[in-house]
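So the structure is just underneath, and the comments pick up after that.
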Amino acid sequence: MAPSRLSTAQVSRLRLIVIQALVFSLLATLGVRLFYLQVRHGDAYQAAAASQSKREIVRQPVRGIIVDAQGRPLVTNRSAWVVSLDQGVLDGLDDADKATLMKRVAKAVDVSPKKQNEAIANWSGTRYQPVPIATDVSESTALRILEQPEDFPGVVAEKQTLRSYPRPYGINAAGVLGYLSPITEDENDNAKERGDESLNNTSMVGRSGVEKEYDQWLRGMPGYDTVTVDSVGREIGRGDSVASQPGDTLVTSIDAKVQGRAEKLLAESIETARGTFDKITGRNYEADSGSVVVMEAQTGRLVAMASQPTYDPEEWVGGITQKQLDRLYSEKAGYPLLPRATQGQFAPGSTWKPFMTVGALNNGYSRDTLLDCSSGLQVGNRWFKNYESAAYGNITFAQALELSCDTFFYRIAVNYWQKYGSNPADIKAKDPLVETAKAFGFGKRTGIDLPGESAGRIADRKWKAEYYEAMKGYYCRMDEKKNAPTPFLQLFAHEFCVEGNYYRTGDAVNFSIGQGDTMVTPIQLARAYASLANGGTLYEPRVGKAVVSGDGTVVEKIEPKVAGKVKMSAKSIDYVNEALLGTPRSGTLAWKFGGFPLDEVKVRGKTGTAEVTGKQTTGWVATYNKKYVVIMTISQGGTGSGAVGDAVRKLWESLYGIEEGGAEVRPAKAAIKGIDPPRNLPAFGADGSIVAPKD
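Using our numbering, read the sequence shown as starting at 46 and increasing by one per residue.
Structure (structure tokens):
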């Protein structure tokens with residue numbers, strides 16, 4: 046029997062049932078999915094959707110100010126309209142639209158498209174941070190940009206807080222204060238890894254000076270505003286806000302009045318030196334750089350510190366151009382970014398001799414020792430002359446310091462070399478003078494609270510052996526090829542290649558008077574002279590005095606820190622202190638200190654004139670009393686007393702309120718009565734508030 050066939054009606058009914066089943070299955074699936082999304086996980090998806098429509102706008106804090114010891118502002122802040130370009134938006138424009146936009150911006154803020162592109166190309170911050178192209182824009186221009194976003198896509202106009210420099214007494218103080226620049230991407234990433242919420246990709250950070258050293262206190266804590274935006278990024282509402290916290294105030298030990306005077310005197314001394322004829326070279330002195338340091342002898346605090354050449358820290362405000370940056374790093378401009386007081390390294394010349402005297406008195410010599418101050422001394426095959434070939438016969442240590450006799454100290458160096466180190470290849474041989482220099486802190490950093498300090502150099506046996514290993518290839522090739530630029534250098538290359546590691550008598554002789562390869566920084570020399578004044582304590586020099594919050598609370602008190610004690614007899618230090626009283630009275634500084642009230646202000650001093658191969662002489666004057674150390678130097682500026690003697694004297698007059706003018710100086714008692722300088726007052730009152738600025 047054949048199978049029955051379904052009727053057409055039955056087939057249609059079956060198809061309808063299948064379709065209904067499929068529809069119900071789909072509806073059930075959608076219902077379950079909807080329940081899963083809206084009920085089971087609705088809160089999570091709602092939060093995610095909300096987060097996509099909210100943005101956090103970072104509000105940078107107002108950076109803390111920097112004041113001097115009297116509360117005078119050295120670095121403050123000001124508000125200004127700044128116009129910037131958002132690189133992310135610009136990258137989304139085609140070339141024609143981008144060119145049109147830049148022309149429109151150029152017309153608005155008077156910054157050419159070329160300069161806009163240069164600003165973007167030279168930007169050191171992250172690409173997510175708008176690049177400032179115009180600072181101090183008028184409010185009307187800024188409001189026009191804000192009110193016409195369709196004409197200025199990617200152009201940001203906002204009020205920003207910028208660093209300001211009031212310059213009390215006309216000071217520059219760039220080497221002390223430092224400058225700011227945008228945070229780099231690596232720095233921002235490192236801050237995130239550390240969990241440091243005080244930094245973000247639009248932060249400005251300290252790059253040098255106290256701006257860098259005390260950055261963590263000065264920078265403050267950013268805040269933020271939460272805004273709701275639509276799908277195209279337009280703001281449609283406001284959410285939570287967290288206020289930013291301003292940075293703390295840094296109180297320094299700098300006295301703006303003394304700082305201004307020191308800077309002016311250093312600049313004038315350099316200018317005078319450049320107009321002075323050098324008989325040896327047959328041309329005027331180049332006077333290419335200089336430095337001055339005024340330090341409290343009993344604490345190591347800096348009262349003033351300056352270097353030349355210098356720069357204007359205002360150049361960094363609102364972004365610096367490549368042209369400006371190139372000049373700051375250029376040899377032609379004298380490397381203005383280099384703070385000579387802490388990073389400049391110079392041969393100390395005869396300012397070295399007081400420390401050599403202490404060393405000799407602690408190693409076999411006595412106050413009664415008499416040595417010949419002859420016009421010269423034969424050492425090996427070389428005649429080492431006394432400066433200007435003067436001869437004074439048998440003299441004491443005190444007279445040798447007062448007259449700055451070289452041959453006196455040569456004889457001490459030769460004696461020690463013959464006694465302890467006649468084997469020139471023995472790098473472990475005892476050397477009392479080298480040991481003394483190290484005891485006074487030379488050859489290592491002082492620990493000053495400024496970044497990038499140089500360590501100087503003690504050119505002893507170990508250093509010479511290490512230098513030989515590093516340079517023998519270079520000089521041996523020069524010796525072999527006979528291609529030295531001068532006959533002297535050719536001879537030097539040959540001798541160096543053969544026995545450049547030998548520490549000979551000539552090296553010891555040079556070391557004893559601060560010549561040869563030994564180098565010091567002005568801050569090292571100031572710290573060492575301070576140790577003579579205070580009985581042998583070596584302090585870590587300090588610029589910072591305290592960190593104070595906005596409500597007047599002392600956050601951090603920066604106390605003087607002892608780095609060590611000079612392990613030399615107190616009698617030898619006392620002897621040197623007594624001997625150096627003679628330098629400004631009847632020694633090499635006497636012609637500059639005539640009429641100065643030395644009986645009341647007991648200034649001690651030492652001059653130095655360091656000879657440098659291929660250059661003109663470097664002049665030093667180092668002076669001190671129980672309260673202060675005043676040191677000034679000019680590279681390629683001539684003799685110490687001749688180059689900076691007048692300036693050093695005027696600085697002492699400023700410190701003690703003495704009238705200028707030699708014979709016009711007021712009577713000593715009147716000049717000195719009640720003269721404790723106002724910088725010894727606290728920089729903040731009993732309640733922690735900053736003391737009002739005082740002259």
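The C-beta atom is built at its ideal place from N, Cα and C for all residues, glycine as well. It should be emphasised that the depicted structure is a prediction, and the values quoted were computed from it without experimental measurement.
So what's residue i in DSSP terms, helix, strand or just coil?
i, result
"S576", "helix"
"R741", "Nothing can be reported for residue 741: it is not among the residues displayed for the chain, which extend from 46 to 740."
"A715", "For A715, the predicted model reports a pLDDT of 30, less than 50, meaning its position is unreliable; a value from the coordinates is still stated below. Helix."
"S253", "coil"
"R117", "coil"
"G595", "coil"
"E316", "helix"
"N555", "helix"
"V459", "helix"
"Q560", "coil"
"Y584", "strand"
"W168", "coil"
"F322", "strand"
"P393", "coil"
"Q193", "coil"
"Y513", "helix"
"R123", "strand"
"V77", "helix"
"N622", "helix"
Shortest alpha-carbon distance to residue i belongs to which of the options?
i, options, result
"V176", "A187, I440, A164, E184", "A164"
"I568", "T414, L67, K489, N579", "K489"
"G292", "L625, K398, M249, T321", "M249"
"T180", "E232, V127, R212", "V127"
"P267", "N245, E256, V403", "N245"
"L130", "L495, A141, A73, I190", "I190"
"E308", "Q367, S419, A218, L534", "A218"
"T658", "A392, D323, E359, M516", "A392"
"K637", "G265, A573, G394, E698", "E698"
"E645", "R630, E360, F197, P496", "R630"
"E514", "N546, A405, K527", "N546"
"V565", "S185, S286, I676, Y512", "I676"
"F197", "A166, E230, D142, E341", "D142"
"M516", "G497, A378, K527, A538", "A538"
"V157", "D140, I178, L634, L138", "According to the sequence displayed, residue 157 carries Ser and not Val. That would be I178, whose Cα lies nearest to the Cα of S157."
"T414", "A443, S243, Y380", "A443"
"T326", "G702, Y465, E656", "E656"
"S286", "T229, V103, G690", "V103"
"P213", "R60, R522, L119, S185", "L119"
Counting only the same chain and skipping the five closest in sequence on each side, list residues whose C-beta sits under 7 angstroms from that of residue i.
i, result
"K718", "Low confidence applies to K718: its pLDDT is 31, below 50, so where it sits in the model is not reliable, and the reading given next is rough at best. Cβ within range, chain order: n/a, list empty."
"A318", "Y330, A332, I679, G682, G683, A688"
"F429", "G421, L422, Y455, V554"
"T582", "S576, V607, K610"
"V200", "V128, L130, V150, I190"
"A342", "A575, A578, N579, Y669, K671, K672, Y673, V674"
"S557", "M401, F454, Y455, I457, A458, L478"
"G650", "L625, T628, P629, L634, V666, A667, T668"
Leaving out five residues on either side along the sequence, give the residues of the same chain with a beta carbon under 6 angstroms from the beta carbon of residue i.
i, result
"K606", "E585"
"D417", "N439"
"G627", "E447"
"Y574", "A667, Y669, V674"
"A288", "G268"
"G535", "According to the sequence as given, residue 535 is Gln; it is not Gly. Contacts found: A529."
"R385", "S334, S336, S352"
"E601", "V592"
Pop quiz: residue i and residue j are said to be a contact at Cβ under 8 angstroms. What is the actual Cβ separation, rounded to whole angstroms?
i, j, result
"N670", "K695", "Their Cβ separation, rounded to whole angstroms, is 16 angstroms, which puts N670 and K695 out of contact at 8 angstroms."
"Y620", "R306", "About 33 angstroms; that fails the 8 angstroms criterion."
"T396", "G632", "About 13 angstroms; that fails the 8 angstroms criterion."
"T662", "T652", "About 12 angstroms separates the two Cβ atoms, so there is no contact after all."
"D476", "D505", "6 angstroms"
"V348", "I299", "7 angstroms"
"G551", "G425", "6 angstroms"
Spatial neighbours of residue i within its chain, please: C-beta separation below 8 angstroms, excluding the five flanking residues on both sides.
i, result
"N122", "V107, R108, I110, T206, L207, R208, S209"
"N162", "M147"
"D260", "V250, G251"
"G707", "Residue placement at G707 cannot be trusted, given a pLDDT of 40 that sits under 50; what the coordinates show is reported in the next sentence. So the list reads G639, G640, once near-sequence residues are dropped."
"T441", "R412, D413, T414, L415"
Q) Whole alpha helix (DSSP H) runs in the segment 335–378 with 4 or more residues, listed along the chain? A) The segment 335–378 is shown to contain whole alpha helix (DSSP H) runs of 4 or more residues at 367–373, in chain order.
Q: Can you check the segment 658–708 for any alpha helix (DSSP H) of at least 4 residues that lies completely inside it and give the ranges in chain order?
A: Inside the segment 658–708, DSSP marks whole alpha helix (DSSP H) runs of 4 or more residues at positions 685–701, from first to last along the chain.
Q | Minimum length 4: unbroken alpha helix (DSSP H) runs contained in the segment 174–253 | A | You should have 184–192, 219–222, 230–239.
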